[in-house]
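Q:
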Amino acid sequence: MKPDVKNRRDTDRKSGHVRAAIRQELAADAREEHHDPAPQAEEGKPVIEMQNVSLAFDQPILEDVSFVAREGETVVIVGESGTGKSTTLKLILRLLVPDSGRVLVDGEDVTPLTFEEALKVRQKMGMVFQGAALFDSLTVFENVAYPLREHTDLGEDDIEARVREKLQFVDLDPDEVIEKLPSELSGGMRKRVGIARGMANNPEIMLYDEPTSGLDPLTTGTITRLIMKLQRELGVTSIVVSHDIRSVFRMATKVALLHDRRIVFFGSPEDMAATEEPYIRDFLGGL
Amino acid sequence: MRREETRGRARTPSEKRLSELILRLNSRAKSSVLSIQEYFVLAWNSLRFIFARPFYTGDVIQQMDEIGVKSLGIVLLTGLFTGMVLALQSSVQLQTFGATMYIGRLVAGSMIRELGPVLAGLMVAGRVGSGIAAQLGSMKVTEQIDALNTLGTDPIKKLATPRVLAALVMVPVLTIINDVVGIVGGNLIASLMAGIPTSLYWRTVWEQIISGGFTFGVIPNDFVQGLTKPFVFGAIISITACFFGLRTSGGTEGVGHATTKTVVTSSILILVVDYFLTQLLLSILAAP
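So the sequences go chain by chain: X and F.
Each number in the working numbering corresponds to the 1-based position in the first sequence with 50 added.
Each number in the working numbering corresponds to the 1-based position in the second sequence with 48 added.
Quick look at the structure:
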C-alpha cells in the first residue's frame with residue numbers, strides 16, 4: 051500500500067508540470083496551425099464516400115449511413131462505444147461488406163470487388179489499429195518494411211532508407227528502435243510505429259482506429275499532432291475514429307457523430323460546437 | 049411476439065417450448081454446416097495457394113523448423129518407448145505359443161502401419177497444433193490478421209499455407225523417425241529381456257515388411273500405408289489448427305478455447321480418419 055500512496059503524492063506534485071506541458075503543447079499547436087494553408091474549400095474531389103450504408107450482424111449496426119471525405123480532409127468519426135465506429139473503418143477497408151448501400155474509394159465502388167481485387171484497393175490506404183496491431187514476431191524494421199516488401203520492388207537499401215525516413219517522420223530515433231521487437235516498446239511508441247507502417251507505402255488515405263485511446267495526455271497530444279502533420283505535409287485524406295473530443299477539435303475538418311446506428315451530425319467542428327441539438331450538446335458536455 | 053398474435057389461437061407453453069427448441073436446433077445445425085463448409089474452404093485455399101504466387105519460402109522453412117525439427121525430441125521419446133513396450137508385451141504374449149522369435153515382426157508391423165503414424169500425429173497435434181492455434185488466435189484478437197488484410201496480404205496465403213505445407217512434409221518425416229526409433233527400441237528389449245539375437249530380430253522385421261506385398265513392384269505395401277497416413281494427419285493437424293486459430297474471438301479466453309478445440313478435434317479426427325483410411329488402403333492394396 052505504501053508505495054501507492056507515495057506514487058499518488060508524486061503524481062499530485064507532477065500534475066502541475068503536466069498541466070503546464072499541455073498548455074505548452076496547445077500553444078505549439080496553435081503556432082503550427084497558424085501556418086496552415088486556408089482550409090480547403092468544398093470542391094476537393096471525394097476520396098471516400100459512404101452512400102446509404104446499412105449493416106447488421108445479429109442486430110443492426112449501421113443504418114443508412116452516408117458521408118463524404120474529400121481530398122486532404124480529416125474526417126473524425128465520434129460516438130459512444132459500440133456505435134459502429136470501427137465497423138465503419140472496416141467497411142471502408144472492405145474487411146466487411148455492407149448489406150445495402152455503397153462504399154466508394156477514389157470513386158470506385160468497393161462493395162462488389164472480389165477478395166483479390168479488394169487486397170489491391172487496400173494498398174491505397176494505410177490503417178492504424180487501436181492496439182497498433184504490429185506483427186509481434188517481427189522487429190520494428192520488419193514491421194515498417196512489410197508493406198514495401200509485399201508490394202514494391204525496392205532493393206534492401208531503398209527499403210532501409212524508406213523505413214528510417216518514416217520512423218523519423220513519426221519522431222522515433224531509427225537507430226534506437228529499428229532492431230527492437232514490438233513487445234519492447236511503450237504504448238505510444240507502438241502507436242507511432244503503427245503509423246509509420248501505415249504510411250510506409252505513401253498511401254493517399256490514412257485510417258486511424260482510436261489512435262489516442264489508452265495513452266497519457268502528453269502522448270495523446272503527440273499522436274494528434276502527428277496525424278495533423280501527415281495531413282498538412284503529405285496532403286493525405288484521413289478518417290479518424292476517436293472519442294477524445296479535445297483532439298477531435300484540434301484535427302478535424304469534418305466531424306461525423308454516430309448515434310443509434312445513424313449519423314446524427316456531419317459538418318465542421320465549429321458548426322458542431324455551435325449547435326443547439328440536445329444530444330450533441332450532451333455529447334460535447336462530456337468534455 | 050407480433051407473429052404470434054396473428055395466429056388463430058394462443059399456443060400452450062409446451063408448444064412454445066417445443067418450437068423454441070426446434071428453432072435453436074435449426075440454428076445450431078445451420079451454424080455447424082456452415083463451419084464444416086468454412087473448414088473445407090480453408091483447406092482448399094491453403095492447399096491451392098501452395099502453387100500460387102507469391103511464395104513465402106522463408107515462412108515455410110521457419111514452419112518446417114517449428115513443426116519438424118522442434119518436435120524431434122518428443123517424437124524420439126514416443127517412438128523409443130512405444131517400441132520398447134511393444135516388444136515387452138509381445139514377448140510375454142508370444143512366449144505362451146513359444147514364438148518369441150517373431151517379436152521383430154510384431155513390433156515392425158504395429159509401428160510402421162499403425163502406431164508410428166498415429167502416435168506421431170497425436171504428439172504433433174498436441175505440440176504443434178496447439179502452438180499454431182494459440183499463435184494465430186492471438187494474432188486474430190490483437191487485430192494482426194486484420195492488419196495483414198489491410199496491408200494487402202491474404203492471411204491464408206501468408207499464415208495457413210506455409211504451416212500446412214510444412215506439416216505435409218514434416219509429419220511423414222517425423223513418422224519415419226518414430227518408426228525407426230521404435231523398431232530399434234524393440235530390438236533393445238527383445239535382446240535384453242527375451243534373448244532374441246539382433247540379427248534374428250532384424251530378419252523378422254524384414255520378413256514383415258516384404259510379407260505385405262509391393263506397390264508398383266518396389267514399394268512395400270506397409271510403407272505405402274505407413275506414409276499415406278502421416279501425410280493425411282499432417283493436413284488434418286495444420287488445417288484444424290489454422291481453422292480454429294483464424295476464427296478466434298473473445299480475447300485471450302478465446303485463444304484458450306481455440307487451442308483446446310484444436311487439440312481435441314484434431315486428435316479425434318486423426319483416430320477416426322485412421323480407421324477409415326486403413327480400411328480404404330487395405331482394400332486398395334489387397335486388390336491386385
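Glycine included, each C-beta is placed from N, C-alpha and C at the ideal position.
Residues of chain F with CB closer than 8 Å to the CB of R172 of chain X, please, in chain order.
A: Within 8 Å Cβ-Cβ: N197, T198, L199 and G200.
Q: Using the Cβ count rule (16 or more neighbours within 10 Å means buried), how would you classify T144 of chain F?
A: Answer is exposed; the Cβ neighbour count stays below 16.
Q: Taking 8 Å as the threshold (beta carbon to beta carbon), is E301 of chain F in contact with chain X?
A: So no, E301 of chain F is outside the interface.
Q: Quick test of the definition: if touching needs 3 or more C-beta pairs under 8 Å, does the region 310-326 of chain F touch the region 254-265 of chain F?
A: Cβ pair count under 8 Å is below three, so no.
Q: Please state whether DSSP places D332 of chain X in a helix, a strand or coil.
A: Helix.
Q: If you compare alpha carbons, which of F:L240, F:V232 and F:L199 is closest to I245 of chain X?
A: Answer by Cα proximity: F:L199.
Q: For a quick check, are the C-beta atoms of V118 of chain X and P96 of chain X less than 8 Å apart?
A: Yes, the Cβ-Cβ distance between V118 of chain X and P96 of chain X is below 8 Å.
Q: Identify every residue that forms a DSSP beta bridge with L134 of chain F.
A: Note: L134 of chain F sits in no beta bridge, so no partner.
Q: Return the residue from the list F:S79, F:L142, F:L128 and F:D194 that minimises the CA-CA distance to F185 of chain X.
A: Of the candidates F:S79, F:L142, F:L128 and F:D194, the one whose C-alpha sits nearest the C-alpha of F185 of chain X is F:D194.
Q: Are the C-beta of H201 of chain X and some C-beta of chain F separated by less than 8 Å?
A: Chain F, which has a Cβ nearer than 8 Å to the Cβ of H201 of chain X, makes this yes.
Q: Name the DSSP bridge partner or partners of M256 of chain X?
A: Note: M256 of chain X sits in a beta bridge opposite X:G176 and X:S288.
Q: Using the beta-carbon of each residue, which ones in chain F are nearer than 9 Å to F185 of chain X?
A: Within chain F, the residues near F185 of chain X are M187, Q192, A195 and L196.
Q: Note down, in chain order, every chain F residue with its Cβ under 9 Å from the Cβ of F179 of chain X.
A: Those within 9 Å of F179 of chain X in chain F are T190, E191, Q192, D194, A195 and T198.
Q: Taking C-alpha atoms, which residue in F:V217, F:E191, F:L90 and F:Y249 lies nearest to V172 of chain F?
A: Here the closest residue by C-alpha is F:V217.
Q: In the region 83-159 of chain F, which residue ranges form an unbroken alpha helix (DSSP H) of at least 4 residues, counting only runs that do not cross its ends?
A: The qualifying runs are 105-115, 120-143 and 151-158.
Q: Taking 6 Å as the limit between beta carbons, can you name the residues of its chain near A238 of chain F, skipping five residues before and five after?
A: Result list for A238 of chain F: A135, I151, I244 and Y249, in chain order.
Q: Exposed or buried, what is R76 of chain F when buried is set at 16 or more other beta-carbons lying within 10 Å of its beta-carbon?
A: With fewer than 16 Cβ atoms within 10 Å of its Cβ, R76 of chain F is classed as exposed.
Q: In the DSSP assignment, what residue or residues form a beta bridge with L308 of chain X?
A: L308 of chain X is bridged to X:G129 and X:I313.
Q: Am I right that G234 of chain F and M149 of chain F are in contact with their C-beta atoms under 8 Å? What's the rounded C-beta distance?
A: That pair is no contact at about 13 Å.
Q: Do I225 of chain F and V123 of chain F have their CB atoms nearer than 8 Å?
A: In this structure, V123 of chain F lies closer than 8 Å to I225 of chain F by Cβ.
Q: On the criterion of 16 or more Cβ atoms from any shown chain inside 10 Å, does S247 of chain F qualify as buried, or is it exposed?
A: Result: exposed.
Q: What residue from X:L146, X:R247 and X:M239 has the CA that sits closest to T269 of chain X's CA?
A: Ranking X:L146, X:R247 and X:M239 by Cα distance to T269 of chain X puts X:M239 first.
Q: If you reduce the DSSP assignment to three classes, tell me which class G234 of chain F lands in.
A: It is helical.
Q: Since I believe V243 of chain X is in contact with A182 of chain X (beta carbons under 8 Å), could you give me their beta-carbon distance rounded to a whole number of angstroms?
A: Contact holds; Cβ gap of about 7 Å.
Q: Should K170 of chain X go down as buried or exposed, given a rule of 16 or more other Cβ atoms within 10 Å for buried?
A: Classification of K170 of chain X: exposed, given that the 10 Å Cβ count is below 16.
Q: Taking buried to mean at least 16 other C-beta atoms within 10 Å of its own C-beta, is T130 of chain F buried or exposed?
A: Classification of T130 of chain F: buried, given that the 10 Å Cβ count is 16 or more.
Q: Could you tell me which uninterrupted alpha helix (DSSP H) segments, each at least 4 residues in length, are contained entirely in the region 93-150 of chain X, listed from first to last along the chain?
A: Correct list: 135-142.
Q: Could you check how far apart the C-beta atoms of V155 of chain X and V290 of chain X are, in whole angstroms? I think they sit under 8 Å.
A: Contact flag wrong, Cβ pair sits at about 17 Å.
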